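Structure, as structure tokens:
Protein chains in written order, with this note's numbering: chain A, 57 to 548; chain B, 462 to 606; chain C, 110 to 230; chain D, 302 to 785.
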């Protein structure tokens, strides 16, 4: 069911306007930041307004213009799109507040470019979330790549330039692969619409062609989704300011890649077809390898942000795994993990940034006793870390539990074993940090980060707990995730 | 730099020949309709007379009689005369370069006759000016850049 | 019957060879002229007809079959003008090149251009 | 006036070029406004012509009142009207933007410079509207001779580049003329429409094959198609900045247009593998040009080799010959003209500011934020990032390659994008990492330059967003009927 409505277009308006307004008010920081916050709130509200219709199975559709002959620009607010857009927008509000505290405390340069690129990134993220066909998706996907580049090189040091070079090399190469896939799909099926259950089945394509397409898609989305061995850019990109790492490299950019894989698997190929050609198993195997390798790499990191980056690599593949398994439970669990990992990982990054701003600490080996000086921050860190590892009653527990149930149902015992092992590894790399933070260091005066930084991280940590108890609270994320899985028809 | 050729015989001869040759150029131009001749040939003869002057009396005489910007402008004016004759045909209701439709109070056949004459005049000017410029520029010892 | 065409082809090859193989720029320009002349010859040969006269209409005795084709001549008149202009530009450039670099040998100029670009004075 | 629309795009710049030396006698400051006004009038005539053709169909114009096939014919159909608009509009913007740069380069000799550029434009537009193969040659040479002189006006190293350009350009033009001679010998006509009607009866002759090969090779030289691009890098690199800005975007496009016109609308060599060869040569050009561009340290040479690569896209599309590929090639003529113009204008701004031409010394960044931003937009269009125009031309080309069953050529298109990432990244990085704004000195490029540059960058995106209308109204009909 679809219904024509301008609402999906309206959801893109705040961030697009914000880019212009931020540049125009570049000489007045207070005004500039007000625009950012207002845009974030407006965007969240618009996206949230589309949740009821998405839940009822009616996708709002807005198609204002034709991109190329036979290819309309379509924005379509289905359950999956609204899910992702909600997560990204809501976290943008908090990140903006956090950013203001961060940039002011560190007296960052080029703040106008920073906030404008941030708004543009969110514009692209919501756009690709709501994209109704693959071409539209690709457009926003590429804009996202370009918009995040200035954020990665924000420091303008030689190291940042190198990271930016690697980042663009990876993501734009992936973009070319994805363009090949999109064009091929269009040539094959005559359209690239995202349809629950896929559009490629019954087009008469040979398995070899389908495999070719699948590999192109995997290359295209897999880079942003940081699937091993396409993940190397992510730890390097940690040179970016912490709010960027928090929102973009834990939520928007990497999730855009994963989201693309969900779209490809569920809405272009369809779980049925993926399984028929045997691509589902290959994807699952890649996901399992990434989960383990990411966790293992995280174990040996000393730089806190790099550790978080490798943890992200690992956690993202939970989502990929859910998509690859394809059953209703696994698919829903995977989709829900987009939210749970986003919420909890952003908390961890917020904490890392708060530590850096308040004490200048970047390495785990310097963190002895820091919990005494910044008890609130470290409490939030500990909460988020253990919840992310999958301990109940966190949001990640909710998603991982469904994932596990899906794996059991599919008799994917290797996946079950990997999930269990990964939980242990998660605890193994987070626990030492927490232990170190609360060991010794007595007597140091309490000195938390400024309030605009502290408040967001406390809110996200608390939200992780609350949503863990009831994943359907507030934005009804769990219902949305289930609706996605049901529509795709997670083939048995 | 082309030196002045200090020979009384040559200078006198050129002095006598130049006006005659220029008159002949006009004749070739006007007679082009009926016999071999026309604008191009007339232009070459006209240009040659100035080159002859320069050979006999030195380059300076050209700068006095037709300096280079003027010469370029003359050449452009010649081609412009050609183009505008064509445009005049458009004004008379024909297509570009349709001389039979020139807005003149004569029959189309006569109009075509005049049209050719205008155009050949333009060609004469253009060719003569081009020759003079080529002579001056290529004869320069040192380039300015 | 077609021998004249072989002359045109020969001139064409000669011109092309001179343009490509010779290291001296002036000889390249000469080759260019030969090359263009060969093409003009080729076009004019297209107009040749045995036992035909110039297409000048005089009197009532008009038999189009006895005229040569005037069109290639008209075309080549234009082409000659174009050729003169091209040669003029080429020579003008050569004069200035010689004034600047003191040589018309390709390698020498290339060498001096390279040092020019390394240190634009 | 409507009846004269086909001839106006040639007539206006021609008259404008001739007026320059006359007006120059009176005032040197009038040269630039006069040139821009001439070009703008030409662009207006071109746009009026396009609208007229779309509303009323193809317009044929017999020069001098002599009917074809005896007289000279000028034809405005959707394709030629479109190409006229591209060349005239881009030339207007680059002449406007190049003004300050030209003033700095040609102190006092601006009338000559503008006269030559307008002659170049007149020649290019003449190539496009001409309905007669020989007249194409004449206009080709008008354009070429003007550009030889323009390149040579750089002096020093530019002279060597200009001579090379003269030699290779003459080979190209002469080959084209030779091909025309072959076809004339075969059919006895030079009028394109007449020729198209007569040629099918004569396809067996060796003159037919020879004529096509000569024409295609000649035009390939003129459009800078790899491996016949030898003149292009040096000419674009050493030409003065304003000349490169005017020439680089449009000069090769007119030759590409003639190639399309001759191969697809006049000759249609069904039995010969001309199209396939052209497509593969285009693919080679994309890859080789891109690879060469990626290794350059001089920004101008980088852009020149990127032109070699981008002309490959056009050749590939023309060679494939299916509807989508043709649309892609035509759209790329516009897209590439816009982005290359923007990049060369940005470079001219840098040179004006005493920067460049090496990438290392470019650094527009914080000193010229608007110029830098426009250059980045053009660079993104070159890479093919949506919604810039460069993305959509590649999209159509990809669709065409896939429809023609040539996945390897599709791969070459994507590979070209990757190479574009590399070389445009190097360019963009040079733009981004600016040194802090120096005290004093103008903080941005001069206003006319900015206006032209911003217009070019905005047009790059606008053409991308509005390409569907352009394709369904202009390019689709232009390609319809000739596409395989």
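In this text, a Cβ means the ideal position worked out from N, Cα and C, and glycines have one as well. Just so we're clear, the structure is a prediction, and the values are computed from it rather than from any experiment.
Residue 506 of chain B is classed as buried because its beta carbon has at least 16 other beta carbons within 10 Å across all chains shown. When D:410, D:493, D:391 are compared, the shortest CA-CA separation from residue 437 of chain D is found for D:493.
Straight across, the Cα-Cα distance linking residue 488 of chain D with residue 498 of chain D is about 10 angstroms.
The continuous beta strand (DSSP E) containing residue 360 of chain D extends over residues 360 to 364. Chain-order list of chain D residues neighbouring residue 209 of chain C: 456, 457, 460, by C-beta distance under 8 angstroms. Listed along the chain, the chain C residues whose CB falls inside 7 angstroms of the CB of residue 659 of chain D amount to none; the nearest CB is some 10 angstroms away.
For the stretch 352 to 363 of chain D, the beta-carbon criterion of a distance under 8 angstroms to any beta-carbon of chain B is satisfied by 362, 363. At a cut-off of 8 angstroms between beta-carbon atoms, residue 153 of chain C makes no contact with chain D. With its beta carbon at least 8 angstroms from every one in chain A, residue 528 of chain D lies outside the interface. Counting the other Cβ atoms within 10 Å of the Cβ of residue 328 of chain D gives fewer than 16, which makes it exposed. In this structure, the straight-line span from the alpha carbon of residue 365 of chain A to that of residue 718 of chain D is close to 29 angstroms. Interface residue (Cβ-Cβ distance to chain C less than 8 angstroms): residue 648 of chain D is not classified as such. Scanning chain D for C-beta atoms nearer than 7 angstroms to the C-beta of residue 198 of chain A yields 686, 687, reported in chain order. Per the DSSP secondary-structure output, residue 359 of chain A pairs in a beta bridge with A:419. Closest option to residue 185 of chain C, judged by alpha-carbon separation, among D:404, D:435, D:428: D:435. Under the 10 Å beta carbon count, residue 468 of chain B is surrounded by fewer than 16 other beta carbons and is classified as exposed.
Straight through space, the alpha carbons of residue 556 of chain D and residue 441 of chain D are spaced by roughly 8 angstroms. Shown in chain order are the members of the stretch 128 to 156 of chain C whose Cβ falls below 7 angstroms from a Cβ of chain D: 128, 134, 137, 141, 144, 145, 148, 151, 152, 155. Judged by pairs of C-beta atoms under 8 angstroms, the stretch 118 to 135 of chain C touches the stretch 197 to 213 of chain C, as three or more such pairs exist. Pairing residue 222 of chain A with residue 724 of chain D, the inter-Cα distance amounts to about 14 angstroms. Apart from sequence neighbours up to five positions away, the residues of its chain that approach residue 293 of chain A with a beta-carbon distance below 7 angstroms are 208, 219, 223, 305, ordered along the chain. Within chain B, the residues placing a beta-carbon under 7 angstroms from that of residue 200 of chain C are 599, ordered along the chain. The Cβ atoms of residue 143 of chain A and residue 93 of chain A lie no closer than 8 angstroms to each other. DSSP places residue 375 of chain D inside the beta strand (DSSP E), whose first and last residues are 373 to 377. Taking C-alpha positions only, residue 126 of chain A is separated from residue 629 of chain D by approximately 14 angstroms. For the stretch 169 to 199 of chain C, the set of positions with a beta-carbon nearer than 7 angstroms to some beta-carbon of chain B reads 197 in chain order.
Taking the C-beta atoms as reference points, residue 451 of chain D is found nearer than 8 angstroms to residue 417 of chain D.
Using beta-carbon distances, residue 204 of chain C counts as an interface residue toward chain B, with a partner under 8 angstroms. Annotation for residue 149 of chain C: 185, 188, 189 place their beta carbon closer than 7 angstroms to its own, counting only its chain and skipping 5 residues before and after. Against chain D, the CB of residue 165 of chain C has no partner CB under 8 angstroms away; the residue lies outside that interface.
Residue pairing from DSSP places residue 118 of chain A in a beta bridge opposite A:131. In the same chain as residue 772 of chain D, and ignoring 5 residues on each side of it, the C-beta atoms closer than 8 angstroms to its own belong to 628, 632, 697, in chain order. With a beta-carbon spacing of about 6 angstroms, residue 550 of chain B and residue 563 of chain B fall inside the 8 angstroms limit used to define contacts.
The criterion of a C-beta distance shorter than 8 angstroms is satisfied by residue 172 of chain A and residue 79 of chain A. Comparing alpha-carbon positions, the option among D:568, D:378, D:396 lying closest to residue 749 of chain D turns out to be D:396. The Cβ neighbour count for residue 610 of chain D, taken over all protein chains shown within 10 Å, is at least 16; the residue is labelled buried.
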